[in-house]
Structure formats: C-alpha cells, structure tokens
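A quick write-up on the structure given underneath.
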Amino acid sequence: MAKILRFRFSRGEKLKYIAHLDILRVFERAVKRAGIPAAYTQGFNPRQKLVFGLPMSIGLTSESEYADIELSEDMEPCEFIARMNEGLPEGLKVEEAVPRNTKDNIMNQITAARYEIVFEVKEPKSLFEIHSMVYDFLSREDITIEKKTKKGYRPVNIRPLIYSVSAEKTAEDRFMIKAFLSAGAENNLRADLFMQAFIQETKLEIDILSMHRKALYASAFNEWKNPFEVAND
Amino acid sequence: MHPLTMMQLKIDDRILLKVEKPAKYTGNEWNMVRKPLDKVKMRFAFCFPDDYEIGMSHLGMKILYHILNKRDEVYCERAFAPWVDMERLMRENDLPLYTLETYTPLSEFDIVGFTLQYEMSYTNVLNMLDLGRIPIFARDRTEGMPFVIAGGPCACNPEPLADFFDFFVIGEGEEVINEIVDEYISWKEAKESRTEFLKRVSCIEGVYVPSFYDVIYNEDGTVKSIAPNTPDVPDSVKRRIIKDMDSVDFPEDIIVPYIGTVHDRIMLEVFRGCIRGCRFCQAGFIYRPVRERSYEKLCEIAKKSVQSTGYDEISLVSLSTSDYSALPDLCNNLIEFTEKENISLSLPSLRVDNFSLGLMDRVSKVRKSGLTFAPEAGTQRLRDVINKGITNEDLVSSVRLAVSGGWNQVKLYFMIGLPTETMEDVEGISELSINLIESCRDISGRDKFLNITLSTACFVPKPFTPFQWEPMDEIEVLMKKQYHLKDLIRKRTRNIKYNYHDARISFIEAVLARGDRRLGKVIYTAWSKGCKFDGWDEFFSFDKWMKAFSECNLDPKFYANRKREYSEVLPWDHIDMGISKEFLIKENQKAYEGDLTRNCAAGCSACGAQVYKTGICAKTKRGLIYGENTEV
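Chains as they are written, first to last, in my numbering: chain A, 3 to 235; chain B, 3 to 634.
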C-alpha cells in the first residue's frame, strides 16, 4: 500500500501519433474514468499530481516509460495497474508499479535512454558499410546540428550526448540502429535529432520506418539503474 | 448484407509522420464506436467540412453520431476536411478521403452526410467529395453510389448547394435521421432505383429534394417561382424540431479526442432557441421556440458524461445561458458535484449581474482575465434598430461590477454595416468603449486600467431574419468604417486593441447566404480554381472568387448589396422554418422605426413558432398568445 506510486507503461503503434502533452491528458482522463483517488494540486486550476519521466515525441513507440502519481489514499500497486488499464485506450498500457518513497520525482531521476531505430536505405548498402559509417560517426569529437528552438535554429554539439551506437541488419535494405543517449531534464538528446545528425554526417539517404524507446535509466553512484531501483533511495 | 468490395485503407507512417498533428487522421479515440461490419445494414459517413479540431468541437455531430450508432444495424463514422499538408500527401499518394472509424473511403458508404455550419465551408464540401471519389454533382451519381445529404443552419437556404446534394434535411436531426435510415433500409431491400429512394424520402417531413423542384427566374435575375416538378412533393418543406428536450437522447459517451480541440470538454446543451429576437441574428429565429432541458436531467447528463469520458471540464451551451429559467438551481447542483470531483465549470454567454458574478467567483475555470460583452452596436439608436435590448447604463454597470470583482480585461463584440448605420454610429463604438474605460477609472486601480479587446464583424444579412431584404454595405464602405474606427481609437487610447474581420470574406459569405441555385456553378468554379478553407484568412482568395463570378456571368453584388422588395420571391421561400414572413416584415418595419419587440419570456409576439405548440410557446400566458398585446 502506498500513496505515491511509480509505474512503467508502454506505448504501441496505435497511440504513437500524439504529443507528450496529449499523453498527459490521456492519463489524467483515464485516472478520472477509473475512479482512482488522485491527489490534486491546490489552487485555481487543480491538476492531478502526475509526473512523467521523459517526454515522448510524435511517432515514437516505447516499452519503457515511467511516471509517478500521488494519491489521496493508499492503494495496492496491483489494483492500480488493473484499474488504470481499464481506463486506458488500446495502445497505452501500465505494465508494472511500485511504491515510491524517494523525494526525487521521476523527471529528475531519468538520465539516459536506449533507442532502436529502423530505417530503409534508398541505395543498397552492406552491413559492413553501415558499421564503418557508425564507427566514423562516433570518432568525431564535434557533431553540430541545427536544433529548432522557439527562437529559430541554434547550433548544438550533440557528440557528448551520445554514449554508444551499434547497427544490425534486419531485412533486405533495412537496418536497425541501437543508440544509447543522454536523456532527462538536462542534456536530453531526442532520437529524431540523433538521426538527423547521423543522416547529416553520413549523407545516407534513408526512410525512417520506426523509432522505439527500449529503456530509460536513472543513474546512481556511477551506475545505470532501472527507475524502479531508485524509487526508494 | 453490405457489398464485399469494401476496402480498408492502410495509412503509412511515411505519410502520417510528415503532417502536423497526425492524430487528426488516425481515429481510435476513447469512446469511438466499433461495430462488426457484417451485422451492419447501412453505413453513414458524417462529414464535417472543416478541420478535425473544429469539427470535433461540434455538438450536433456528437448527437447524431450517438443517435445513429445506438442502432445495431447502422454504423455512423466520421470524416473531416484534411488540412492542406495532409491533402497534398493524399493526392500525391492516390489516397481517397476515408472515415476515422474503419479507414473506409467515402465512396463506399450508403449515405454521406455533411453539416453546413458556415457558408465559407462550401468549397470544402466539394473538395471532400472529390477526395472521397464521389461525383461532385448529384446528377452524375448513379446506382450504387452514396446519397450525399446535408443539414445544419445553412441548409435553411439550400439553393446555392442544390446541384451537389441529393437531399437536404431542414431542422433538428434526431428524429428525422432515423426516419431516413428506416426508409433507406426498406428501399434497399426492395431493390428500387435511386430516384425511387428520393421519392420515398421526399414524403418525410423536413426533407428537401432539390431535383424535384424547378426554379424559374425573371428577366431581372430575381426568382419568379420555385415549384415541384414531381407529383406528391410538398410545395414547401417544413422544418423539423424536437418537442421535448428531456426525452430526446443526448450523448453521454462522447468521443474524447487525443489532441486538443477548440471545445475540448463536456458540452451541456441547456436549451435550444433564444427568447431575444435580435434582428440580425439568424440563430435567434431559426431555432425557435425556446425549449429547455430540466436542470435535473442536465445534472444527470453531466455526471454520466464525466464518468464515461474522464473530462475535467464542463461547459453550459446555449444561445444565451442567462435566460435559462432554472439557472440558480442548475448552477447550485452542478457546482456541488464539480467541486467535489475537481471539475471546472465554464459559463459562456452569461449576462453580467450580481448573480452571475457571484457564480463566476465560485467556479474555478473562469480566471479573472476575460469577460465578453456583445453590445453589437455603438449607439442606443442603432441598438434599438436591431432589437438588442441593452442600454449604455446596463453596460457601464455590468463592466463596473466586473472590474470591482477583479476583472480588468473585457472583450467587446460589435457589428459594422448594420441597416441604417451612419458614421456617427461607428464613432459611437469608440465612444462607448472609451467611456467604459473612463467610468471604471475610480475603481480599476492605478496601474491596472481596464483593457478592452474590441472586435467588429461585418454585418451579413441572413435568410429568415427581419434583415433578409437588406443590402449589405459595399466592401469599400465597410473598410472605410473599419479604418475610421481604427484611427479614432488609436488617437484616443492605448487600452483598446481593435480587431476586425476581412470585409471581402464577409462579402462572399453574404452572396452565398442569400444566393439562389445559379450560384452552384460559381462555387464549383471557385473550387476548381483552388478555393478551400475560405473562412481561414490565410487561404481565402478573393481574386479567385471574383474570377469565378465573372466566368459564370453572375454579379456578386446582385446577391450581397441589393435591397429586395417584400414582394420579391426569395430563393428560400419554399423552406418553412416556422417563422412567418408577415412577422419578419413587421420586424423589418419596426427596425426602421427603432421600435423594440419584447422577448418571448415577456410575452408572445406571434412570430409563427406557435405552430410547434411546445417550449416557451406552450407556456406563454393566456391572453398573450397569438399576437394580442404584441407591443412592449
């Protein structure tokens, strides 16, 4: 029984077309429909105390998103999971939940993310060629891209935000890049920006077929940790 | 039952991830209706000829979607006008317009129904038919193709669209739509021809089949007559209404979109119609008589809706919520529920008085930023002409109340180009607004003067209003008035921000609103030149429209700027909206005398809506009924 829960959820194909704020709204409404006793903020426009680990951009699927929710009364994690899943549409599913005792909310704890990006090359390439492109890409000290901000485009060096990259072949003309990237409230590198840099540097002509978030990590004492492991630190 | 040629499209990520807000095109929203297609005898595509974010805010669609889908043998699905980025990709990839429920092209449906909310969406109707691979002209549709139908407020003058629709539905749809479906199913089983179906529905009250009527014109271009060309077709088509608002079905399980829409909340329809009778306002006449829902029913709907949608906002919807006879009961009961459930309640279209201010203090959503007032005209004389029964003193005291309650932002809505308007009346708009700021100086606090956002719309004369005979101001005159007002305001104060509508858009709207059947070819020509989303400033092309008129040899000014005689046959004279022409003529004459007409709650003025024998007409006291004591 706990008043604050941390839960992991997945987002499938059917709900990948909506933006982060829309996901937040879907959860708020699901909580309401499910009659889950959420705690609300004080003030003129009360909101549920619901915090997400990392925003999801349009087009991204994930098997490993995290969020914290504060309740007004104690609830068993398994009951929470069952009731939430009744209120959630197809394409969003709560997979696990644990009590959270740490004062840090999930948003402040997330520091890295693992992605799988599948693409199709427009001209045939061997896996060896792709591997050497990845190698060249990673050997650069400076990878500057034009990042779109509210005030227009701004150059950013994203190389320090890339931890590791590998590639494999999944079908004829299809490859999958596995990327381990910096994430979180500070120093976040989105998968689509990473791919923008990869295309820019390698001059590869590709169609991106899917982007998937495999895992999110918190860090503690120089170790990557599952966000559930740090829920009680 | 249904042909097996049915196709379900697969929309690729290579399209969806290239457009803005792809969730507009993917459906699958919470409460979207799913049905086993093999049990369905009739498939209905409800089309909204504008963007998803606008269409999903439309209450009428939610109501009819619910009513139709309650029947197991019927499946109602939705389609919207794709935004320009999506349309381009659809055309490039040879993808037809499809419904969000099953990704079925429009051409596969039995009936494709459009709602006509605004004249400037007419070209979108044509564009959607074209994208949906349905012949644009009704006469080109053959056996096996969908019937294309329309309803909504603009259907009260269906003539400009007569070439494109197989039939129109006049009035409220909840009952008549079921009658049409019944007729469709039995027609299909009887395996009759397309014309036979049109004959069957033409016998349903409220259905207008334009191809069964011939229009004859006079030499001067006015209408000589509109008469049936087919036996057993009524001379005039009567509007349908719902008599009892408590017994008609209202959707409690509305679709909850994933992306934000214009009205992304539960809409509680408090009543239909309006008691006021402002002479410019079409809605004030074509929805008569006022019919209320009981507050008990409304509270019940509110609770069930929250449960099934998870929405945290409820809004009261009607033409003038303050006129609801049980407003205190409704609000007290609703607030008790919304406070407990952390739901915010918004109360648009309230008149400001002590009661409503107290109310606004209690409801959470109304932040102390904006209040809206619609004086509509700048001088008392002109407000009397349009029967807008508010005075300067009313306004000043309302705004003072609001300012002393902590509001320091006010929105004011006016119209320019109203009948009899002079430059003095236009100047009155700035006088009135500046006077409001001045009269609140003593209570608004030093650094927080009252700020006003002032908007003027261009008056567009509409059918079934007392101003249906009036000429619209010429574009140049409207623009001159706008610039003059802008100048006046700029010279006097910085506390007013002035917005005004594009007079050229209003001009086209005016042509379409009172047009006749000959305009069909203009609309078609304008669409062929690329006109769409005409109500959006960024897409509207005045030049293309004007070229379309000249290619079709029609003068738009004949429709927009010409004064009609009372004796002229109007293109919509065969549509019976339940408001008598005699009443509208009398109202028109009273307008010129600046004579007010009392509202329906104060007493009956015999507008004609008594024929429905329901709502406020049935409540009006004996002795006031049918035109006795009609003056204030």
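Backbone N, C-alpha and C define an ideal beta-carbon position, used for all residues, glycine too.
- Of the candidates B:C619, B:C78, B:S508, the residue whose Cα lies closest to the Cα of B:M481 is B:S508.
- Taking the CA atoms as reference points, B:D216 sits about 8 Å from B:S227.
- Closest in C-alpha terms to B:L332, from the list B:N344, B:L349, B:L321, comes B:L349.
- In the three-state scheme derived from DSSP, where H, G and I count as helix and E and B as strand, A:H214 is classed as strand.
- In the three-state DSSP reduction, B:S400 falls in the helix class (H, G or I).
- Taking 8 Å as the upper bound for CB-CB distance, B:R293 and B:D578 are not in contact here, some 18 Å apart.
- Close to A:A32, with beta-carbon spacing below 9 Å, are these residues of chain B in chain order: W32, G312.
- Secondary structure at B:V235: coil, using DSSP grouped into helix, strand and coil.
- As the crow flies, the alpha-carbon of B:I69 is around 12 Å from that of B:F46.
- Taken through DSSP and simplified to helix, strand or coil, B:N335 comes out as helix.
- Ranking B:S406, B:N501, B:I477 by CA distance to the CA of B:L414 puts B:N501 first.
- Neighbours of A:V53 across chain B, judged by C-beta separation under 7 Å, do not exist; the nearest C-beta is about 17 Å away.
- Taking all protein chains in view, the Cβ of B:Y120 is crowded by 16 or more other Cβ atoms within 10 Å, so the residue is classified as buried.
- For the pair A:Q111 and A:I147, the CB atoms are not nearer than the 8 Å cut-off.
- Where B:I277 is concerned, there is no enclosing beta strand (DSSP E), because DSSP gives it neither an H nor an E.
- Scanning its chain for C-beta atoms nearer than 8 Å, with the 5 sequence neighbours on each side dropped, one finds around B:R73 the residues N180, V183, in chain order.
- Collapsing the DSSP output to three states places B:C205 in coil.
- The beta carbon of B:S346 falls within 8 Å of a beta carbon belonging to chain A, placing the residue at that interface.
- Cβ neighbours of B:I436 within its own chain (closer than 7 Å, five residues either side excluded): R494, T495.
- Our two residues, B:N220 and B:L384, have alpha carbons roughly 35 Å apart in a direct line.
- The residue among B:I454, B:E429, B:E478, B:F535 with its C-alpha nearest the C-alpha of B:D489 is B:E429.
- Here A:S12 is actually not in contact with A:E98; their C-beta atoms are around 10 Å apart, not less than 8 Å.
- Proximity to B:S441 across B:K64, B:N394, B:P137, B:H60 peaks at B:N394, based on C-alpha coordinates.
- In the three-state reduction of the DSSP assignment, B:D578 falls in the strand class, which pools E and B.
- At the C-beta level, B:L118 and B:P155 come within 8 Å of one another.
- According to DSSP, A:D70 shares a beta bridge with A:R8, A:V53.
- Distance between A:D70 and A:D24, taken at the CA atoms: about 17 Å.
- For A:Y137, not one C-beta of chain B is nearer than 8 Å to its own C-beta.
- Between the C-alpha atoms of A:H214 and A:L62 there is a straight-line separation of about 6 Å.
- Under the Cβ distance rule, B:D15 counts among the residues neighbouring chain A, one pair being separated by less than 8 Å.
- At least 8 Å separates the CB of A:Y68 from every CB of chain B.
- By the rule that beta-carbons nearer than 8 Å mark a contact, A:D209 touches chain B.
- At a beta-carbon threshold of 9 Å, none of the residues of chain A lie near B:I498; the nearest stands roughly 27 Å away.
- Taking a C-beta distance under 8 Å as the contact criterion, B:N71 and B:V35 qualify as a contact pair.
- In terms of beta-carbon proximity, B:A25 lines the interface with chain A, with at least one pair separated by less than 8 Å.
- Below 8 Å, too few C-beta pairs join the stretch 108-127 of chain A and the stretch 73-90 of chain A to call them touching: fewer than three.
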